[in-house]
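For our numbering, count along the sequence shown from 1 and bump the result up by 34.
Report on the following structure.
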Amino acid sequence: MSSTSKIAVNAWEFPGIVLEHYAYSAGTVAPLPPHAHPEYQFGLSFNCQGEYTYRGAVHPIPTGTLSLIHTGEAHAPSQRTSLPAPATFWMMQIDPSVMERAALEVTGMPTTPFVPALFLSDHDLVQRLLVFCRRVASDASRLEQDVALIHFLAPLLTRHAEGCLDAVKAPVHRPSVAKVRDFLQTHYSKNTSLTDLATLSGMSRFHLSRIFRQETGLSLSAYQQQLRVNQAKKLLVRGLSISEAAAAVGFYDQSHLGRHFKRLIGVTPGAYTRYHTA
Numbered sequence: 035m036s037s038t039s040k041i042a043v044n045a046w047e048f049p050g051i052v053l054e055h056y057a058y059s060a061g062t063v064a065p066l067p068p069h070a071h072p073e074y075q076f077g078l079s080f081n082c083q084g085e086y087t088y089r090g091a092v093h094p095i096p097t098g099t100l101s102l103i104h105t106g107e108a109h110a111p112s113q114r115t116s117l118p119a120p121a122t123f124w125m126m127q128i129d130p131s132v133m134e135r136a137a138l139e140v141t142g143m144p145t146t147p148f149v150p151a152l153f154l155s156d157h158d159l160v161q162r163l164l165v166f167c168r169r170v171a172s173d174a175s176r177l178e179q180d181v182a183l184i185h186f187l188a189p190l191l192t193r194h195a196e197g198c199l200d201a202v203k204a205p206v207h208r209p210s211v212a213k214v215r216d217f218l219q220t221h222y223s224k225n226t227s228l229t230d231l232a233t234l235s236g237m238s239r240f241h242l243s244r245i246f247r248q249e250t251g252l253s254l255s256a257y258q259q260q261l262r263v264n265q266a267k268k269l270l271v272r273g274l275s276i277s278e279a280a281a282a283v284g285f286y287d288q289s290h291l292g293r294h295f296k297r298l299i300g301v302t303p304g305a306y307t308r309y310h311t312a
């Protein structure tokens, strides 16, 4: 006789968004009843084919594709009663106001985005969503999370939403980019949001993110990370501990500094410190 599947759930909150990661063990499961919610719902699994009863039909969701349920629409997940193997998946609930603001910034038109397809076979988009999920789950900086979200929502809208196929072309604003760059150089340790920088520049979050990369060759969050790591190097040489340096330059904790330090410098902060104190 099959045992009941054990379910582990982790959840994180981002302004206007709730992220959930589910892990099911093999075993029997209880189907959920039809329901609706005011948010857009995205789903993603790489090891379990999904299924929705939605819009009067049963729809299989292939693994590795991004499913989408629209705001306020009744649906029910799979009616299966058992899982033959463990399954994991991400779920993301997005408030309509977040989608509407993104659509306005990307297209210049006020609209409630509508994606006709129930699931999207878009590998690049899936990877962008995973980057956002991992940024939020790992307590990355607010700017890293903001940039990752915009990098997901912009192509979602321009590739797949009705009426959002053309992004507004914004002129290059070199003085505005320079102002943002100078702000980050001075305030590298602050947990600055993309909204803060957009307000400073006078551009939308979408256009600032795109134009900053065009002008500097780096995303806003990558630029901030490099500033923090470079400053951390100076503090380590002066004798601060790794944890002290991490806190001083704005990283969430020592492990966040270590990950970015190794990626950008090629050695860990500990190895760097030993080299300069030998």
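A virtual CB, placed ideally from N, CA and C, is assigned to each residue, including glycine.
Per the Cβ contact rule, the stretch 79-86 is not in contact with the stretch 44-51 (fewer than 3 Cβ pairs under 8 Å).
Contact between the stretch 154-171 and the stretch 212-229 is not established, with fewer than three Cβ pairs separated by less than 8 Å. Take SER131, set aside five residues on each side of it, and the residues of its chain with a beta-carbon closer than 7 Å to its own are GLY50, in chain order.
The C-beta of MET143 has fewer than 16 other C-beta atoms within 10 Å across all chains shown, which makes the residue exposed. Under the three-state reduction of DSSP, LEU228 is assigned to helix. Going by C-alpha positions, GLN259 is about 45 Å away from PRO67.
Here PRO147 is buried: its Cβ has 16 or more other Cβ atoms, across all protein chains shown, within 10 Å.
Contact check for ALA282 against LEU270 fails: the beta carbons are separated by 8 Å or more. Shown here, MET125 sits in a strand according to DSSP, grouped into three states. In this structure VAL63 is in contact with LEU117, their Cβ atoms being roughly 6 Å apart against a cut-off of 8 Å. In the three-state scheme derived from DSSP, where H, G and I count as helix and E and B as strand, GLU249 is classed as helix. If one requires a minimum length of 4 residues, no alpha helix (DSSP H) run lies completely within the stretch 77-101. Contact annotation: GLY284 and SER112 have beta-carbon atoms that are not nearer than 8 Å. The alpha-carbon of ALA188 is positioned some 19 Å away from that of GLY251. Its chain contains SER253 as the residues whose beta carbon lies nearer than 7 Å to that of ARG247, once the 5 sequence neighbours on both sides are disregarded; these appear in chain order. Where LEU152 is concerned, there is no enclosing beta strand (DSSP E), because DSSP gives it neither an H nor an E. Rounded to whole angstroms, the separation of the alpha carbons of LYS224 and PRO150 is 40 Å. With a cutoff of 8 Å on beta-carbon distance, LEU242 and ALA232 are scored as near each other. Uninterrupted alpha helix (DSSP H) stretches at least 4 residues long and entirely within the stretch 140-186 occur at 157-171, given in chain order. Non-local beta-carbon contacts of ILE276 in its own chain, meaning distances under 8 Å to residues more than five positions away in sequence, involve LEU270, GLN288, LEU291, GLY292, PRO303, GLY304, THR307 in chain order. The C-beta distance from GLN127 to GLU73 rounds to 4 Å, short enough to fall under 8 Å.
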